[in-house]
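Below is one structure, written out as structure tokens; comments come after it.
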Amino acid sequence: SVVVPSVRRVPPESLSPRAKSHNYLNLIMADLEAKVQDPEAWAILLDNRGFLTEGIGSNIFTIKNEVIYTPKEQYVLGGISRETAIELANSLGLSVVEKDIDIFDAYTADEIFLTSTSLCICGVSKIQGRQMPHEGPSGPITKALMNAYVDLVEYDWIGQYLKQLED
């Protein structure tokens, strides 16, 4: 689940999102606000123009009509997990477009997923309490990307996680 808190991301004109030093306070504040609304949610911040940016260590992707959208790199930390997801999408023949994504785009998306070092690729079941149109936490394109990621790293993160839940 994703929550868009009232805390905004620091504009890139003030501090580059690629600066990993002392650039996390607003992300932490946003995460705390999101956890009040939903203890399991990930916060994704808006920029000062009202477009989705990123969360604490995570990037957001929306999918509409089999096209994947992600915020422009100038507004996010374009990390390895984000780049890997883009490369995997391209290898599956999917188009990836970097653009400004507003909250309406997210509300009307067919699927949403997050990437991060800890999550790898993770489907989103709700945004702002609104259920995504697919069954379960991930839609078909997100599932395909998750499977491609497992094949790439040759380690079944999902299977290991589910096994831990059983133990």
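Number 146 in our numbering belongs to position 145 of the sequence shown; there are no gaps in the numbering. Every residue gets a Cβ at the ideal spot worked out from N, C-alpha and C, and that includes glycine.
How is residue i classed by DSSP in three states: helix, strand or coil?
i   : result
L33 : helix
S92 : helix
A42 : coil
K73 : coil
E67 : coil
E99 : strand
E14 : coil
With distances taken between CB atoms, is the gap from residue i to residue j smaller than 8 Å?
i    : j    : result
R19  : L93  : no
C121 : Y150 : yes
R9   : D48  : yes
L46  : N66  : no
A44  : V98  : no
F62  : D101 : no
D111 : P134 : yes
I69  : L95  : yes
P12  : A31  : no
A86  : T116 : yes
I57  : I81  : no
S139 : Q132 : no
A187 : I128 : This structure gives no information on residue 187, because the portion of the chain shown stretches from 2 to 168.
Which stretch, first to last residue, makes up the alpha helix (DSSP H) that contains residue i?
i    : result
L153 : 141 to 154
D106 : 104 to 108
Tell me the residue span of the beta strand (DSSP E) that contains residue i.
i    : result
F52  : Here F52 belongs to no beta strand (DSSP E), and DSSP marks it neither H nor E.
I113 : 112 to 117
Assign residue i to buried or exposed, taking buried as 16 or more other Cβ atoms, counted over all protein chains shown, within 10 Å of its Cβ.
i    : result
S59  : buried
E136 : exposed
R83  : buried
T118 : exposed
P141 : exposed
Let me check one thing: in DSSP terms, what residues is residue i bridge-paired to?
i    : result
K127 : Q132
S59  : G56
V4   : A44
R9   : L47
I122 : T116
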